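Residues 1 to 210 in UniProt numbering are what the sequence shown spells out, letter by letter.
The next block holds one structure in the form of structure tokens; read it before the comments.
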Amino acid sequence: MRSEVELASATHGIGEDASVDVGNRLRALREQRRMSIRALAEASGLAVNTLSLIENGRTSPSVSTLQRLAMTLQVPISAFFTPDVPQQRVVFTPAGQATATLFPHGALTDLAPGLANRTLEPLLLTLDPGAGSGPESIVHTGQEFVFGLSGNILYTVADHTYTIGPGDSLLFEAVLPHRWHNPGHAPAQALLVLCPLELPRSALERHGRV
């Protein structure tokens with residue numbers, strides 16, 4: 001398994017602007033919830049050894065693994081690669097200053113870090129040839145929108161496969177099992193918008209969920 005340093009070198013120049021340590025973010029999120037690594041393993045269904053390797057930067061998790069951890073910790077997937085920044089009502093990110101998280105042969109870039117109480121998650125997906133979301137299908141709440149930017153990405157949703165090329169779009173209920181990969185010989189990029197995420201706590205309280 002390749003380290004994040006190796007992955008940073010492998011994916012340099014295909015879309016990410018800056019990277020963060022996913023392992024440190026995972027450890028911080030886990031400790032904020034006062035969960036032991038064993039408790040997180042039991043709740044997520046992942047092995048303790050796998051979590052330990054991720055937290056110590058010795059392996060880079062697939063997107064499907066990140067999504068499983070996000071659901072377990074009740075955070076958006078971007079929480080793993082968005083540094084702690086002041087919450088704002090307006091977010092402007094200049095070109096070249098977005099923050100990405102690296103996974104095997106690809107990257108996810110958060111396009112709106114720091115927006116207070118946001119209910120959508122815009123992400124830039126970059127995939128090396130042959131790269132994908134991981135061996136397991138992804139399932140999460142809300143809806144997912146995909147817009148092709150370059151190359152081709154095969155999106156499989158509930159056993160139906162769609163080829164997403166430049167200008168193509170796809171919208172689906174994210175509770176349907178889905179996965180994706182780049183079948184081509186060149187890098188591919190797409191805009192992902194996940195919406196809605198979990199409601200802000202104030203909204204949950206207004207609806208009687210605490």
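The beta-carbon is built from N, C-alpha and C at its ideal position, and this holds for glycine as well.
These figures come from a predicted structure and were not determined experimentally.
- Apart from the 5 residues on each side of it in sequence, Asn152 sits with its Cβ closer than 8 angstroms to the Cβ of Thr163, Ile164, Gly165, Asn182, Pro183, Gly184 and Ala188 in its chain, given in chain order.
- Counting the other Cβ atoms within 10 Å of the Cβ of Glu121 gives 16 or more, which makes it buried.
- The stretch 51–62 makes no contact with the stretch 92–100, as fewer than three CB pairs between them are under 8 angstroms.
- Rounded to whole angstroms, the separation of the alpha carbons of Leu171 and Leu40 is 31 angstroms.
- Along the stretch 91–134, the beta strand (DSSP E) occurs as fully enclosed runs of 3 or more residues at 99–103, 106–110 and 121–127, listed in sequence order.
- In this structure, Leu102 keeps its C-beta atom at 8 angstroms or more from the C-beta atom of Leu111.
- Under the three-state reduction of DSSP, Thr161 is assigned to strand.
- In the DSSP assignment, Arg38 falls outside any beta strand (DSSP E) and within the unbroken alpha helix (DSSP H) covering Ile37 to Ser44.
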